[in-house]
Amino acid sequence: MGSSIILKTLKLQTRFAYYSSFLIFLIVTLAGLLFYVTISDALQTQIGNRALYLAETTASRGDVIEAFHTDNPSKSLQTISDDIMDAAKATYVVIGDKNGIRYTHPLADRIGKSMVGDDNDKALINGESYISIADGSMGQSIRGKAPIVDTNGAILGVVSIGYLTSELDNLYFLYLDNIFYTIIIALTIGIIGSIILSRNIKKQIFNLEPNEIANLLTEKNTLIESVREAIITVNDKGEITTLNNAAANILNLPDAASIIGDNIKQHIPNTHLLNVLMNGEKQLDKLMIVNGDEIIVNRVPMKVKGKIVGAVASFRLQSEIEQMAIELSQVKQYTEALRAQTHEFNNILYTVSGLIQLNASDEALTIIHKEVQGHSSLTQFITNRVKDPFLNGLIIGFFNRARELKIQLIFDEDSYLDIFPENIEKGLIISIMGNLLTNAFEEVEKNKEQRPIVRLFIFDNGEEIIFEVEDSGNGIAQEKLDVLFSENISTKDRKHRGYGLRKVISSIQDLNGTLALGEGDLGGALFIVSISKRGIINND
C-alpha cells in the first residue's frame with residue numbers, strides 16, 4: 000500500500016521508467032528460460048539422432064553380421080563395441096542377440112545377461128530403428144536402437160548405443176553462464192531504453208502530467224456530449240476511446256461507458272473505421288443502416304505529425320432525402336432495364352411498319368403474334384418464379400438487353416424467390432443483381448471466341464437467398480483475385496468504370512451476406528451471393 004502511494008506521487012516519467020524496467024526484467028527472464036529449454040530440447044534431439052545413426056551404422060557392418068555366425072560372437076563384437084564407444088564418446092555400446100541377451104557391454108560382468116529397459120521389441124520383432132529414453136542397467140539414457148539383419152532378411156540381434164541423461168545435464172549447464180550474461184546485458188539495455196523512451200513519451204504528451212491530462216479529458220467529454228451528432232472515436236488498434244450518448248442510442252446500447260476499450264468490431268462487425276485507420280482516407284456522407292435506421296456517417300482519420308493515431312466516426316439520422324436516394328437507385332436499375340425493352344420494341348415496330356408499307360400484312364401479323372407470345376411466356380415464367388415486382392422488371396429488362404446485344408441469357412428453371420422480408424433492403428438486392436449481370440454482359444462481349452452466354456439462378460430456401468451469375472467470358476486471372484474487390488479495383492479498362500464490383504461487395508457487406516467467386520461450367524467467372532433472410536443490415 001505504501002509503495003503504491005509513493006509511486007503515485009512520482010512524476011509520470013519516473014513511474015514509466017520503473018514499470019518499464021520491471022516489465023523488461025520479466026520478459027528477459029522468461030526469454031532466458033525459454034532459450035534454456037529450447038537448447039535442452041535441441042541437445043536431446045541431436046544426441047538421440049547421433050545415437051540412432053551410430054546404431055544403424057554398426058548394425059549394417061559386415062564384421063558385426065559375420066560375428067553372429069561364429070562360435071563366440073561376444074569376443075569379436077566386444078572389440079568392435081569398445082572401438083565405437085571410444086570414437087563416439089558414447090556411454091555404452093551394447094549388442095544383443097535376438098532374445099535380448101548381451102554379447103557386449105562396457106561392464107564385463109553384465110555380458111550374457113538380458114538387456115534392461117524393455118524397449119527392444121520394435122527392433123527384434125518389427126525390424127525398426129528408433130530412439131528411446133529408458134532406464135537401463137547404467138541409469139536413464141537416450142538410446143538409439145537398430146536391428147541386425149543378415150543377407151536373408153533374418154533378424155539376428157539388436158544394437159543399442161546410449162548416452163546417460165545425467166551426462167547431458169552437464170552439457171546444459173555449460174550454456175547457463177552465457178544465458179545469464181545475456182539476461183544482464185539485455186536488462187541493462189532495456190532499462191536505459193525505457194528511460195529514454197519515457198522522456199520521449201513525456202515530450203509527445205506535451206510534458207503534461209496525469210492530472211492535467213484528466214482535466215483535458217473532462218473538457219473533451221463535455222464538448223462531445225454537447226453536440227447532437229453521434230460520435231465514436233477509436234485508437235490505432237481499433238479500440239473504442241470515446242462514445243457519446245447519441246451514438247449509444249443509435250447502436251441501442253444501454254450505457255456508453257460500458258464499451259469503452261472494446262474493439263469496435265465487437266459492436267459494429269461491418270465497420271469501415273478500420274479501413275480509415277489503414278489507408279488514412281476520409282469517408283464523407285456515407286449512407287449506412289444501423290438497427291433499421293438510415294444514417295449518414297463521416298469517417299475521418301486522426302493524425303499526429305503525419306501518423307495515424309486513431310479515427311473518428313460521426314453519425315446523423317438520415318431524412319426523407321436518403322430514402323428517396325434509395326428509391327432512386329431502384330428506379331435507375333429499373334429504368335435501364337426498361338430502356339433496353341423499349342429499344343427492342345422500337346426495332347420490332349420499325350419492322351412491322353416497314354412490312355405494312357410493303358403491304359406484307361401477314362408477315363407483320365406473324366411478327367406481332369410471335370413477339371406477344373414470346374414476351375407473355377417469358378413474363379409468366381419469371382413472375383411465377385420471382386414474386387417481387389421490381390426484381391421481375393429488372394430480370395425482364397435484362398432479357399431484352401441480352402436480346403439486343405445478341406447474348407443468350409439463361410434464367411435457371413429451378414429458380415424461385417419469395418417476397419423479400421422487411422428487414423432486407425430491396426434496393427441493395429437489386430443493385431447486387433444488376434451490377435453482376437451488367438459485368439457478366441460486358442465480359443462475354445469481350446470474349447469473341449466463345450458464344451456469349453450468361454446464366455442467372457435465384458433460390459430462396461427459407462433461410463437464405465442465393466444468387467448465381469455465371470458467364471462464358473474470359474474469367475478472372477489468378478493474379479487479380481486478391482485485389483479484385485479492393486476499392487476502385489476492377490477488371491474493366493474504360494474510364495469512369497470499375498465501381499460495379501466494389502458496389503456489389505459493399506452492398507453484400509451491408510446485408511451481412513457472403514460472396515464466393517470461382518470458375519463456372521461456361522468457362523468464365525461464377526459469382527455466388529448468399530444473403531441470410533434473418534440478417535438485418537448492420538453497419539457503422
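Per numbering that gives the first Met the number 0, the sequence shown starts with residue 0, numbered consecutively. Cβ atoms here follow ideal geometry from the backbone N, Cα and C, with glycine treated the same way. No experiment lies behind these values; they were computed from the predicted model shown.
- When secondary structure is reduced to three states using DSSP, R60 falls in the coil class, being assigned neither helix nor strand.
- In the structure shown, the three-state DSSP call for E208 is coil.
- The alpha-carbon separation between N391 and I418 amounts to approximately 11 angstroms.
- By the neighbour-count criterion, in which 16 or more other beta carbons inside 10 Å mark a residue as buried, Q77 falls on the buried side.
- Ranked by how close their Cα comes to the Cα of M432, the residues Q449, E421 and G396 have G396 in first place.
- In the DSSP annotation of this structure, the continuous segment of the alpha helix (DSSP H) that includes A245 starts and ends at N244 to I249.
- I381 places its beta carbon 9 angstroms or farther from that of Y415.
- Collapsing the DSSP output to three states places D470 in a strand.
- One thing to note: I249 has its Cβ within 9 angstroms of the Cβ of L316.
- When C-alpha distances from D284 are compared across G135, V296, L521 and N446, the shortest belongs to V296.
- Two segments are said to touch when three or more pairs of C-beta atoms, one from each, lie closer than 8 angstroms; by this definition the segment 67-82 does not touch the segment 117-125.
- Listed in chain order, the alpha helix (DSSP H) elements of length 4 or more contained wholly in the segment 182-244 are 209-225.
- Boundaries around S313 are those of the beta strand (DSSP E), K306 to L316, since no alpha helix (DSSP H) includes it.
- Per the C-alpha coordinates, the member of A213, A245, N214 and N220 positioned closest to E228 is A245.
- Using a C-beta cut-off of 8 angstroms, the segment 135-147 makes contact with the segment 45-64, since at least three inter-stretch Cβ pairs fall below that distance.
- Sorting F526, Q282, A87 and L123 by C-alpha distance to the C-alpha of G161 places A87 at the top.
- By alpha-carbon distance to T164, the top candidate from A89, L33 and T69 is A89.
- Contact between G512 and I527 fails: their C-beta atoms lie close to 10 angstroms from each other, not under 8 angstroms.
- About 5 angstroms separates the Cβ atoms of G474 and A524, confirming a contact at the 8 angstroms cut-off.
- Selection G135, Y129 and N125 evaluated against G152 yields N125 as nearest (Cα-Cα).
- According to the DSSP assignment, T78 belongs to the alpha helix (DSSP H) that extends over P72 to A87.
- Spanning the alpha carbons of P300 and I347 requires a straight line of approximately 56 angstroms.
- In the three-state scheme derived from DSSP, where H, G and I count as helix and E and B as strand, N391 is classed as helix.
- Take the alpha-carbon of S505 and the one of E293: they are about 16 angstroms apart.
- In terms of Cβ geometry, I100 and M114 form a close pair [threshold 9 angstroms].
- For G138, the enclosing beta strand (DSSP E) covers residues G138 to V148.
- For L516 and T150, the gap between their C-alpha atoms comes out near 59 angstroms.
- For E518, the enclosing beta strand (DSSP E) covers residues T513 to E518.
- Of the other Cβ atoms in all chains shown, 16 or more fall within 10 Å of the Cβ of Y102; this residue is therefore buried.
- Distance from I94 to V158 at the Cβ level is roughly 5 angstroms; contact confirmed, criterion being Cβ atoms closer than 8 angstroms.
- CA-CA distance, I223 to N243, rounds to 7 angstroms.
- E469 places its beta carbon 9 angstroms or farther from that of G426.
- Assignment of M432 by DSSP, reduced to helix, strand and coil, places it in the helix class.
- Going by DSSP, I160 is part of the beta strand (DSSP E) stretching over I154 to L163.
- Excluding the 5 residues flanking it on each side, L11 has same chain C-beta neighbours closer than 7 angstroms at K201, E208 and P209, in chain order.
- In the DSSP annotation of this structure, I263 is not part of any beta strand (DSSP E); the continuous alpha helix (DSSP H) holding it starts and ends at I263 to H266.
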